[in-house]
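In my numbering, the protein residues as written are 182 to 734.
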């Protein structure tokens with residue numbers, strides 16, 4: 182029997198989407214932007230001490246290889262020839278910090294994740310050295326001094342990990358965010374791997390001058406970072422190197438964007454003033470500000486949006502960053518056990534259709550934009566004996582929407598022209614209750630593309646458009662039309678405002694729980710300073726458990 186003929190679809194482009202919660206590899210048709218196949222692997226997060234968040238860089242790398250191989254197998258089952266994959270793009274969780282040995286290829290410590298809080302005392306000490314009238318860190322980087330960004334994580338590794346210190350002294354150490362670790366490994370590792378990053382990821386390290394688009398000597402001296410361990414900074418769309426192993430050996434890696442920049446590209450927000458909101462582990466609202474850096478007066482970040490080619494201009498964005506969005510659903514699943522799968526939260530929320538006065542502020546890693554308040558911790562308030570797990574599930578979804586409202590309000594004040602609608606993407610947008618809640622709380626329409634994988638799509642577009650690849654046109658007339666689902670507000674404006682003002686009252690109560698920072702020392706006495714929110718949640722869990730044990734519904 183003759184073998185089935187392979188389908189001819191024209192040039193294909195792959196995208197690695199390495200997020201905080203999972204890794205995926207997706208393959209798109211470059212002419213239609215159609216998603217042909219993908220594979221996903223969940224990534225473990227480790228919490229060795231209170232406030233610490235780590236991941237295994239080798240597990241992350243292995244997950245990428247696994248996703249590529251499985252996706253190629255699925256394409257084979259669809260009779261799609263993988264030799265048509267002409268390029269690969271990389272999109273990644275930003276800021277997460279890896280240091281590895283360039284001679285052995287081994288990580289010298291776990292990846293310190295962007296959510297990690299261990300560096301709070303480092304931040305406090307450094308902030309004392311910044312003159313009040315000359316915040317050169319913010320003016321050069323667009324970022325506030327915060328535990329969020331890579332420089333302070335790298336400083337902690339240099340101060341506390343002997344293997345890192347020794348490797349730096351012996352000129353064996355390489356630093357990178359996840360994109361750098363992956364590209365170096367995929368292009369050969371110890372056998373000629375390419376040590377690079379792109380402008381979007383570099384702009385999240387707090388070591389990169391977003392005006393000159395170079396590593397900044399003054400910033401590196403301020404943080405005490407040796408410049409020789411830093412990767413070469415490249416544009417977001419050019420050939421960095423070739424895959425050196427696996428089913429796609431020889432295919433160029435030619436696109437690289439931090440995940441939120443990739444989503445901006447995937448949503449085709451190429452014009453000044455266009456914005457998108459991505460619902461992933463965190464929640465990130467980006468507004469394209471064109472070729473100019475716009476500095477926020479309302480707690481937003483100034484960041485590099487993209488630079489799609491070596492000779493192409495750089496674009497900037499204003500960004501509102503929320504630490505905990507999808508992560509709150511994972512917390513309800515893994516820590517409290519009130520849901521067995523992330524999808525189940527929609528069913529629970531639908532059962533009650535209200536939080537019944539319960540408000541949830543998931544400030545597990547402090548509050549990011551617009552507050553930048555590391556002393557905040559998570560609280561659930563407004564509990565009564567009537568409150569059950571369905572109300573808490575609903576309150577968790579509302580929390581994501583209220584946090585988005587806060588950063589959207591800040592964005593509107595900075596830009597001067599309120600957004601008439603919100604373009605959304607990310608895994609959580611499949612939750613219809615969340616999308617309707619978001620429209621109600623913002624009181625503007627929420628618009629979702631029918632193909633929600635815009636982060637991976639953006640990385641694929643950058644890779645396919647690179648010089649030397651040229652299979653994906655980014656000209657406006659060539660971009661595929663996208664079908665959208667639209668959610669209109671269904672409550673009146675007054676009710677929306679009342680709910681939002683009550684949420685803000687809850688946020689104020691979450692601030693100031695942590696008065697002494699001790700996560701760096703790992704001192705057991707940390708439990709003496711655990712936030713009241715911890716005990717509120719613990720009491721709530723015991724109450725729920727007691728109700729179920731006693732048979733009370």
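Every residue, glycine too, gets a C-beta built ideally from N, C-alpha and C.
Check	Outcome
Restricting to runs no shorter than 4 residues, where is the alpha helix (DSSP H) found entirely within the region 387 to 450?	398 to 404, 440 to 447
Can the beta-carbon of residue 609 be found less than 8 Å from the beta-carbon of residue 530?	no
Any idea what DSSP makes of residue 706, helix, strand or coil?	Any reading at residue 706 needs caution, since the residue's pLDDT is 33, under 50, leaving its predicted position unreliable; the model's value is listed next. It is helical.
Is residue 387 closer than 8 Å to residue 324 when the C-beta atoms are compared?	yes
Go to residue 281, then tell me how far its beta strand (DSSP E) extends in each direction, as first and last residue.	278 to 282
Going by beta-carbon coordinates alone, are residue 279 and residue 362 separated by less than 8 Å?	yes
Would residue 500 be called buried (16 or more neighbouring beta carbons within 10 Å of its own) or exposed?	buried
When we look at the beta-carbon of residue 708 and count the other beta-carbons within 10 Å, is it buried (16 or more) or exposed?	With a pLDDT of only 32 at residue 708, under 50, the local geometry of the prediction cannot be trusted, and no value is derived from it.
Apart from the five residues just before and just after residue 292, which ones in its own chain have a Cβ nearer than 6 Å to its Cβ?	236, 238, 277, 279
So what's residue 214 in DSSP terms, helix, strand or just coil?	coil
Would a C-beta distance cut-off of 8 Å place residue 660 and residue 449 closer than the cut-off?	yes
Buried or exposed for residue 699, please, with buried defined as at least 16 other CB atoms from any protein chain shown within 10 angstroms of its CB.	Residue placement at residue 699 is flagged as unreliable, the pLDDT there being 45, under the threshold of 50; the coordinate-derived value follows with that caveat. The residue is buried, with at least 16 neighbouring Cβ atoms inside 10 Å.
How is the alpha helix (DSSP H) around residue 246 delimited, first residue to last?	238 to 258
Going by C-alpha distance, which of 359, 446, 616, 391 is nearest residue 377?	359
Can you name the start and end residues of the beta strand (DSSP E) that residue 667 belongs to?	665 to 668
Enumerate, from N- to C-terminal direction, the unbroken beta strand (DSSP E) stretches of 3 or more residues contained entirely within the region 488 to 515.	496 to 503
Once you ignore the five residues that flank residue 196 on each side, which residues in its own chain have a CB closer than 6 Å to its CB?	207, 270, 637, 640, 641
Pairs of beta-carbons, one from the region 417 to 430 and one from the region 643 to 656, closer than 8 Å: are there three or more?	yes
Assuming residue 504 and residue 256 make a contact with CB atoms under 8 Å, what is their CB distance in whole Å?	36 Å between Cβ atoms; not a contact.
Note down, in chain order, each residue of its chain lying with its Cβ closer than 7 Å to the Cβ of residue 587, except the 5 sequence neighbours on either side.	551
Quick check: what's the CA-CA separation for residue 633 versus residue 215?	11 Å
Just to confirm my understanding: we take residue 631, look at its own chain, exclude 5 residues before and 5 after, and list those with CB closer than 8 Å. What are they?	663, 664, 665, 666
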